[in-house]
Amino acid sequence: MHENIFDHYEKKDKSSLIPLLQDVQAIYGYLPEDALQEISDYVGLPLSRVYGVATFYNQFRLTPLGKNVVRICRGTACHVKNSANILYSVETELGIQAGQTTRDKLFTIETVACIGACSIAPVININEEYYGRVTTKEIPKIIKKYRSEVQKETASGKVTEGVK
Amino acid sequence: MVELTINNIKVKAEEGMTILDAAKSVGIAVPTLCHLKDLIPSGACRICSVEVEGQRGLIPSCAYPIYEGMVVETNSPRVRVARKTIVELLIENHPQDCLICVRNGNCELQDLSEKYSIREHRYKGEHKDHAVDISSASLERDPAKCILCGRCVRVCGEIQKVGAIDFINRGFTSIVSTPYNKGLNVSDCILCGQCILVCPTASLREKSSLKTVSDALNHRKKYTIAQIAPAVRATLGEEFNMPLGTDVTGKLVTGLRRLGFKRVFDTNFAADLTIMEEAHELIKRITTGGTLPMFTSCCPGWVKYLEQNYGDLLENLSTCKSPHEMEGALLKSYFAKKMGIDPKDVFVVSIMPCTVKKYESARPELNVESLTEVDAVLTTRELVRFFNIAGIEFADLGESEFDNPLGESTGAAAIFGTSGGVMEAALRTAYYQLTNTHLENVDFEQVRGLQDIKESTISINGLDLNIAVVNGIGNAAQILDEVREGKSKYHFVEVMACPGGCINGGGQPIHQKIDKVIERMKALYEIDKKMLLRRSYENESIKKLYAEFLGEPGSHVSHEILHTHYIDRRKTRKIVNPK
Ligand code: SF4
Ligand code: SF4
Ligand code: SF4
Ligand code: FES
Ligand code: FES
Chain A
46 MHENIFDHYE KKDKSSLIPL LQDVQAIYGY LPEDALQEIS DYVGLPLSRV
96 YGVATFYNQF RLTPLGKNVV RICRGTACHV KNSANILYSV ETELGIQAGQ
146 TTRDKLFTIE TVACIGACSI APVININEEY YGRVTTKEIP KIIKKYRSEV
196 QKETASGKVT EGVK
Chain B
4 MVELTINNIK VKAEEGMTIL DAAKSVGIAV PTLCHLKDLI PSGACRICSV
54 EVEGQRGLIP SCAYPIYEGM VVETNSPRVR VARKTIVELL IENHPQDCLI
104 CVRNGNCELQ DLSEKYSIRE HRYKGEHKDH AVDISSASLE RDPAKCILCG
154 RCVRVCGEIQ KVGAIDFINR GFTSIVSTPY NKGLNVSDCI LCGQCILVCP
204 TASLREKSSL KTVSDALNHR KKYTIAQIAP AVRATLGEEF NMPLGTDVTG
254 KLVTGLRRLG FKRVFDTNFA ADLTIMEEAH ELIKRITTGG TLPMFTSCCP
304 GWVKYLEQNY GDLLENLSTC KSPHEMEGAL LKSYFAKKMG IDPKDVFVVS
354 IMPCTVKKYE SARPELNVES LTEVDAVLTT RELVRFFNIA GIEFADLGES
404 EFDNPLGEST GAAAIFGTSG GVMEAALRTA YYQLTNTHLE NVDFEQVRGL
454 QDIKESTISI NGLDLNIAVV NGIGNAAQIL DEVREGKSKY HFVEVMACPG
504 GCINGGGQPI HQKIDKVIER MKALYEIDKK MLLRRSYENE SIKKLYAEFL
554 GEPGSHVSHE ILHTHYIDRR KTRKIVNPK
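One line per chain: the protein sequences are A and B, in this order. Going by the numbering used here, the first sequence opens with residue 46, and the numbers climb by one from there. Going by the numbering used here, the second sequence opens with residue 4, and the numbers climb by one from there.
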């Protein structure tokens, strides 16, 4: 189905590796294993190199994103304000670790370096919303909000699944 | 020529040389880790740092070219401190288990620690915690012991052009691994072990079969037989401080008998047999319009590569089993019958220069009457360990002869262990099979040596035989692509996965001495030259074997016992479970 992506690039041109990875991710939201193999064949680089590049850059994901992406800032200011504990409590609440997606595909946890709101550290960001000066105590409540939103949507028949 | 000063010594060196090489040329040693001769420098480890007048920072000497008037200091206090710190940091990230490590005594990290007199732990590093990849039948990968020098990645990618492993992730979590961290057995790896030969630590190592072998030797009912590959006799002495290229055949036989093997045979016998079958197959293909070019099949690394990447060209592979498998097959049929032993009790151990042979011996189709042909494979290195455990002073051993009938061989078999050897041996016999006359000058200089691809046209009785010898799997693709496109002019192509052939196999002694491949090669040609018989068909035991058992080359019995088939593995890589 992504034949058309390849049309934009020369075969065996190693320099098209990163643009190709970006294109595939734009379509799927992540890099599926089969796609990496196809890219490897197309650009003429071993799969190990393609995989190496895909895991080197933060912009690439190898697993699909959940419906809600929880980003925990691990920048300096937040670190000083105990963002490690915040991360830990989000992980505990969702039962997964940073970089992973829950089984029901509702949540993904990511860590980021400085969200750019140091004055309200520690900061977390879920989808479009920002939560400043968060405490570990608030985490379950915040997460619950997103859970119940999904339930509402499901009840009204709007959304039945996580992203793709 | 460029003139420069290194450590107050005036040095004249060629333009374009690196500081490292210029220093070496006047006997100044600079330590290296990520550097690999003949490859473009990566400058990753910085252990080779030196001071250059006029430059503020330290300079990686392996990556920096010399210039006129340059003033270099390779051993200033500042350089020493920097190097020592690098080594200390590497050590702190490393498991502290030298005492029980397979590379204890032959580890570049240990050497550096000793060289810089590191006597305390000044840093407290986080240790990496990774599972050892034991998925393949031949190799183990232990990322905890990896110091990320990248040598394996470069050998696998740039020399072997397989690219099974690479750096994945980044920062502290960066490791060398296979895609998706899956096992080597499902990767592109062909198990050649070239990465082991360059790894400075024990992060890459063979999967040991020592225990299996010593159990068999202690088993009352097992009739244990050892066979020795052509290339092992030219290298094993190195591990006992003998000069490069010492032929230790006689001592090896003595040593193996002392370990308790009931019979010690020679894989060279089966190499002669391989030639009989392979030359016959080649002539048959040429005269009856069979698939050409025919590829040699004695290197299992090459066979695995073809199956995984060019599964559409399996027809081109000779159906001959590799020599040690032929030997095993005969031991469990012809020999067992002759001796009146139950073939089930025969336990065959191959002493090989090769890591892939472990995998090969586990291939299910390589069996004779449903019995595995070869029960265990020990690399040259493992045999050395076995001798040491058994208290055998190898250097002091006397010489003995192989047992018979599967121990006799000709010079043609001896050169199997080097690139071009199988081709040369086959030509000597093919000539006879085509003309019924003996070839006068048996030396085919044009297929010897270390070039990537050696090609030639040999005229035999009006037939122009186009041949090519591929030295190292990294040079195979271009010839294979031609064959795929139907443009190949060759009749016969030899491929050996390891650069130089089995003398440089992944199971051979580990050290970075410069002329090792050349010297080992010379040793094998020397053995060949000294032999009275240098053409496989002159081997008396082979003649007898055909008369008593096989009939003639390519006969029905031969096909049953000495030939095999291959599998297209382009889709799935998983095949053989470790024994
Ligand atoms: S064994 Fe050979 S193919 Fe496999 S990783 Fe090592 S160098 Fe590469
Ligand atoms: S496995 Fe060995 S050769 Fe490869 S990067 Fe690690 S230490 Fe270097
Ligand atoms: S060249 Fe020899 S040592 Fe290397 S993989 Fe082939 S058979 Fe094994
Ligand atoms: S460090 Fe967290 S917002 Fe800047
Ligand atoms: S050896 Fe020069 S940087 Fe590693």
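Beta carbons: idealized from backbone N, C-alpha and C, even for Gly.
- Not one heavy atom of ligand 2 falls within 6 Å of the beta-carbon of LEU81/A.
- Put simply, the CB of ARG451/B is far from chain A, with every gap to its CB atoms at 7 Å or more.
- Using a Cβ distance threshold of 7 Å, PHE390/B and GLY258/B count as a contacting pair.
- As a beta-bridge residue in DSSP terms, HIS566/B pairs with CYS323/B.
- Residue pairing by DSSP leaves CYS195/B without any beta bridge partner.
- For ARG116/A, the three-state secondary structure derived from DSSP is strand.
- A residue is called buried when at least 16 other Cβ atoms come within 10 angstroms of its Cβ; PRO80/B does not meet this threshold and is exposed.
- Non-local beta-carbon contacts of THR294/B in its own chain, meaning distances under 7 Å to residues more than five positions away in sequence, involve ARG288, GLU318 and ASN319 in chain order.
- Note: ALA16/B is bridge-paired with VAL5/B in the DSSP secondary-structure output.
- Residue-level contact by beta carbon fails for GLY196/B and chain A, as no gap is shorter than 7 Å.
- Of the heavy atoms belonging to ligand 4, at least one sits nearer than 6 Å to the Cβ of ALA122/A.
- Of the candidates ILE50/B, LEU23/B, VAL496/B and GLY554/B, the residue whose Cα lies closest to the Cα of MET297/B is VAL496/B.
- Under the criterion of beta carbons closer than 8 Å, GLY46/B and PRO63/B qualify as touching, at roughly 5 Å.
- Contact between VAL251/B and LEU239/B holds: CB atoms are separated by about 5 Å, below the 8 Å threshold.
- Between ILE50/A and ASP68/A, the CB-CB gap stays under 7 Å.
- For the pair GLU138/A and ILE63/A, the CB atoms are not nearer than the 7 Å cut-off.
- For ALA158/A, the closest alpha carbon among the candidates ARG116/A, SER193/A, ARG192/A and LYS190/A is that of ARG116/A.
- Excluding residues up to 5 positions away in sequence, ILE9, ILE12 and VAL14 lie with their Cβ nearer than 7 Å to the Cβ of VAL29/B in the same chain.
- The residues ASN469, in chain order, have a CB closer than 8 Å to that of LYS492/B in the same chain once the five nearest residues on each side in sequence are set aside.
- Beta-bridge annotation (DSSP): PHE350/B is paired with THR227/B.
- For the C-beta of THR100/A, the chain B residues within less than 7 Å are, from N- to C-terminus, ILE171 and ASN172.
- One finds nothing in chain A with a Cβ atom closer than 9 Å to the Cβ of ILE482/B; even the nearest lies about 17 Å away.
- Between the alpha carbons of HIS441/B and ARG236/B lies a distance of about 28 Å.
- The beta carbon of SER128/A sits no closer than 7 Å to any beta carbon of chain B.
- Put simply, of THR21/B, VAL53/B and LYS185/B the residue whose alpha carbon is nearest the alpha carbon of SER93/A is LYS185/B.
- Every beta strand (DSSP E) of 3 residues or more that sits fully in the region 90–169 of chain B is shown, in chain order, as 142–144.
- At a cut-off of 7 Å, the C-beta of PRO182/B has a neighbouring C-beta in chain A.
- When DSSP states are grouped into helix, strand and coil, THR382/B belongs to the strand group.
- Close to chain B, meaning a Cβ-Cβ distance shorter than 9 Å, are the following residues of the region 67–95 of chain A: GLU78, LEU81, GLN82, SER85, LEU90, PRO91, LEU92, SER93, ARG94 and VAL95.
- At the C-beta level, ASN188/B and SER139/B come within 7 Å of one another.
- The beta-carbon of GLY410/B is placed no less than 7 Å from the nearest beta-carbon of chain A.
- Per DSSP, the continuous alpha helix (DSSP H) segment holding ASN130/A begins and ends at 128–139.
- At least one heavy atom of ligand 2 lies less than 6 Å from the C-beta of SER206/B.
- DSSP places LEU333/B in the helix class (H, G or I) of the three-state scheme.
- Residue nearest to THR383/B within the set GLU242/B, VAL267/B and GLU541/B is GLU242/B (criterion: CA-CA distance).
- Put simply, the region 328–348 of chain B touches the region 266–277 of chain B. At least three CB pairs are less than 8 Å apart.
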